[in-house]
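Here the structure comes first, spelled out in structure tokens, and everything after it is commentary.
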Amino acid sequence: MNLYEGNKGDRIRIKEVAIEGVMRRRLLDLGFVPGAVVDVLKKSPLGDPIAFRVSHTTIALRKEESIKITGELIQDDNE
Amino acid sequence: MEYSPENERQSFRELLNQANELSTSSLRDEVVSSLYQTSQQICSRTVRFTKSKEDKKTERLDAIFTSPIWGFPIMLIMLGLIFYLTIAGANVPSSMLANFFTWLEDYISMAFFALNSPDWLHGVLVLGLYRGTTWVISVMLPPMAIFFPTFALLESYGYLPRVAFNMDRLFKKVGAHGKQSLTMAMGFGCNAAAVLSTRIIESPRERMLAILTNNFVPCNGRWGTLIVLASLFMAAGFTGGMKTLVSSGVIVGIVIFGIFVTFAVSWVLSKTMLKGVPTHYTLELPPYRRPKFFDTIVRSSLNKSYAVLMRAIKIAAPAGILTWVFANIYIGDTSIFMYGVNFLDPFAQSLGLDGYIMLAFLLGLPANEVVLPILLMGYLSTGSMLEVDNLADLKNIFLDQGWTWLTALNMMLFSLLHYPCGTTLINIYKETKSYKWTFVAFLIPTVIAIGVTFAVAQLVRGMGWV
Amino acid sequence: MTTNEVYRIALAGNPNTGKSTLFNALTGLKQHTGNWAGKTVSLAEGSVHYKKNTYRLIDLPGTYSLYSNSTDEEVARNYIVFEKPHVTLVVLDATSLERNLNLALQVMEMTSNVIVCVNLIDEAKKRGIEIDELKLMRQLGVPVLKISARNKTGFPALLDTIDRMIRGEISTSPYAIQYNDETEGKISQLVPNVKKLVGDRFPSRWIALRLLDGDTSLLDEIQKRMHQEEESTWNTVQKTSGSHLENF
Ligand SMILES: Nc1nc2c(ncn2[C@@H]2O[C@H](COP(=O)(O)OP(=O)(O)OP(=O)(O)O)[C@@H](O)[C@H]2O)c(=O)[nH]1
Ligand SMILES: [Mg+2]
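If you read the protein sequences in the order shown, they are chains X, C and F. Throughout the first sequence, residue numbering follows the working numbering, covering 77 to 155 in sequence. Throughout the second sequence, residue numbering follows the working numbering, covering 136 to 601 in sequence. Throughout the third sequence, residue numbering follows the working numbering, covering 10 to 257 in sequence.
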């Protein structure tokens, strides 16, 4: 699944960031690195962007980007 | 190898080629992920989380501030509340200041007469310089000393990024960058500073959009004009708290209209001169942090008061002198000022304004703060009434000159939409290094201001509403 | 040893970590602060007097990294590498140390005169985040201090550390990230050639790494710098802090 499909409360471990160039760089800087765990926090009132929690910070991404970051849903048990 | 610039350039080029050959895209990823792994490792050894839960307070507040139902109404209410507080709170100190300065003016004038100083000197220094400066101070200072601390509290609390989060979709629709909400918020303070703040937008195209449209949020120098006109003419039928409420409502309406124009202009530009699709966007939502209440208030009100005073001295004072001089040097039996007024009047009338207003806007190019004072000095130099003791007198001056609510509305609209002030234009040039774009930044608002006021004037007159 | 000298101290760090707040608290100036990323967009300078010395503090724009993806990053990076401040203070947000350390590690690749300030320590305490600064110091190989810029705690130790670093009493051994063998191999291929061109003026390993990363504008910048070394450095920073809008 990709981050855009995530529902509020989902926890996703990133597998791939299928974006190139500067934006890839920026996303990696912010912690969207393969292996990182991302919490889906909430949608903006108009549906997009969506806020994610990644490495203890909250970052909002537009659909264009979040749809290209894929990973797998993980069980919410361990911290 | 012998040193020469050519050799040096050559070896730099060789180095670059070598690097390009070795560079691969997987290498770039490797660099970043090594970094991340290292910091993760270090953190896992040095940081301990003793509470399992993340910041619940921020999450709960975000559920309200960015709620699908409440998100937008809350933004409106916040905006309205700030203006309500500003107008309600500034009223009394403003008139106190105005009274004080008029009272003082009498004594200063007496001193001038006692010293047998020539009329023109009294004119230049008291009727020009003193009045121009004190007007700016009494009209601008109190609202600014309330508006900015309130705004600064919201800003240091962390509310602004939430506005950007809520509004992003709209900006995306018109081809602009979501962080434009942040630069617009800075524009409330000062458009010139906001032009610099557009540096947070990385894509040049979207940054240019933010620069070209920033002017459609009213700044520091225009709040005074908007507040005075709204409370004199738009809320005329009301009294007390209701009056303040209506005035704030009108100002919120003006601000929203400005935002609407921003969207429209951004959309058109994205389809024409600045074609392109929205680029990437990331927005950090920091945790809410309780501001240092007292510090924030004191610091921002002192800062702003100081800024207003400095502007008054640097710009309003010379503008005051100049206006007085122009209004008192006669060629034939008409002053230079009146030549300007008469020249501009037919055009201004078609916009629902008059020649004085138009001339004030033109002379106000260096700073929006001086538009209203110049206008008043213009009126006073011709009218019968020579002193403005309070807002009621002020309204009478306007009415004497044939003002209606349409004049006030269109002056507000023109103030909202017209060309950026001189400082802003200079900053736009510095940031874009382009005369073309600086001119565009001047042209677009000017055309829109003329178009909108013309349309409103024709509509209102055509329907016989005034 | 030295008296009445002026030393330049740069404040670097992620956006919204309290750099301007620290700057204000130390210099008594009033740079704007705000709880959002990107409040400061241009350089600001102010001075602090401490033990007969004057420190010129430079408040850099906050950046997530120093890879010159944006104007801000370039301004911050250029300042640290080319203007060579005597000390670079890296201001970190204690509540998101992991991401923040990234930038600290990057700065430590560029210069060894680094002091790490873990700011917002009051917030971290509230949220039950405990940071072992001694361990962190040993790991990073540079001084680490916990401060709260807003509550003005931890300043004496910070100023003292700056003072001692300037007097050469602190020797650092910044953590050097080891990349995989392939990358390290490429770095060692480039480093000698970089050294030949720039000598010891600029950190050659870092330059090699940036070149491998495809940062082509860096070499132009270096060339430019080498020709105007004598010129007032401040102006050049101001110029480069302009924008990318010129391409329009
Ligand atoms: N609780 C707490 N808040 C702090 C502290 N230091 C800074 N802040 C707050 O953090 C926010 C960001 O501070 P700034 O100084 O503007 O951050 P900055 O690093 O200059 O940010 P940029 O200019 O965007 O890079 C402000 O709202 C400060 O009041 C601290 O030690 N404790
Ligand atoms: Mg700052």
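Just so you know, even glycine gets a beta-carbon here, dropped at the ideal spot from N, CA and C.
Look at residue 553 of chain C here: in three-state DSSP terms it is coil, with no helix or strand label. Note on residue 553 of chain C: 16 or more other CB atoms within 10 angstroms of its CB, so buried under the neighbour-count rule. The segment 84-124 of chain X is shown to contain whole alpha helix (DSSP H) runs of 4 or more residues at 97-106, in chain order. Taking a contact to require three or more Cβ pairs closer than 8 angstroms, the segment 127-143 of chain F and the segment 63-81 of chain F do not qualify as touching. For residue 531 of chain C, the number of other beta carbons within 10 angstroms of its own is below 16, and it is reported as exposed.
Residue nearest to residue 368 of chain C within the set C:503, C:546, C:414, C:437 is C:546 (criterion: CA-CA distance). Under the three-state reduction of DSSP output, residue 81 of chain F falls in the helix class. With its beta carbon at least 8 angstroms from every one in chain F, residue 115 of chain X lies outside the interface. In the three-state scheme derived from DSSP, where H, G and I count as helix and E and B as strand, residue 293 of chain C is classed as coil.
If you look at residue 155 of chain F, you'll find it in the beta strand (DSSP E) that goes 153-155. Nearest Cα to residue 118 of chain F within the set F:36, F:69, F:176, F:219: F:219. In this structure, ligand 2 has a non-hydrogen atom nearer than 7 angstroms to the beta-carbon of residue 28 of chain F. Within the same chain, and ignoring the five residues on either side of residue 461 of chain C in sequence, the residues whose Cβ sits closer than 6 angstroms to its Cβ are 471, 472. The CB of residue 138 of chain F comes closer than 7 angstroms to the CB of 182, 184 in chain C, given here in chain order.
For residue 446 of chain C, there is no enclosing beta strand (DSSP E); the enclosing alpha helix (DSSP H) covers residues 428-446. Within the model, the alpha-carbon separation for residue 502 of chain C versus residue 111 of chain X is close to 54 angstroms.
Contact of residue 131 of chain X with chain F by beta-carbon distance below 8 angstroms involves 105, 107, 108.
Within chain C, no C-beta atom comes less than 7 angstroms from the C-beta of residue 86 of chain X; the nearest is roughly 15 angstroms away.
By the Cβ-count criterion, residue 144 of chain X is buried, with 16 or more other Cβ atoms from all chains shown falling within 10 Å of its own Cβ.
As the crow flies, the alpha-carbon of residue 455 of chain C is around 10 angstroms from that of residue 271 of chain C. Secondary-structure assignment with DSSP links residue 333 of chain C through no beta bridge to anything. Relative to the non-hydrogen atoms of ligand 1, the Cβ of residue 48 of chain F comes within a distance shorter than 7 angstroms of at least one. Among the residues facing chain X, residue 312 of chain C is not included, as its CB has no counterpart in that chain under 8 angstroms away. Under the DSSP assignment, residue 226 of chain C falls in the alpha helix (DSSP H) whose first and last residues are 206-249. Taking 8 angstroms as the CB threshold, residue 292 of chain C lines the interface with chain F. In summary, residue 118 of chain X is buried, with 16 or more beta-carbon neighbours lying within 10 Å of its beta-carbon over all protein chains present. Contact check for residue 505 of chain C against residue 451 of chain C passes: the beta carbons are separated by less than 8 angstroms.
When distances are taken from the beta-carbon of residue 129 of chain F to the heavy atoms of ligand 1, the shortest one is below 7 angstroms. Each of C:563, C:485, C:586 was checked against the Cα of residue 577 of chain C, and the nearest Cα belongs to C:563.
Residue-level contact by beta carbon holds for residue 118 of chain X and chain C, with a gap shorter than 8 angstroms. With a cutoff of 7 angstroms, residue 337 of chain C does not count as near ligand 1, since its C-beta is closer than that to no heavy atom of the ligand. In the three-state reduction of the DSSP assignment, residue 139 of chain F falls in the strand class. Sequence-distant partners of residue 130 of chain X (beyond 5 residues in either direction) whose C-beta falls short of 7 angstroms from its own C-beta, in its chain, are 106, 107, 108, 112, 114. Contact between residue 90 of chain X and residue 149 of chain X does not hold, since the beta-carbon distance rounds to 12 angstroms and is not under 8 angstroms. In this structure, the CA atom of residue 410 of chain C is about 20 angstroms from the CA atom of residue 395 of chain C. Between residue 459 of chain C and residue 259 of chain C, the C-beta spacing is below 8 angstroms.
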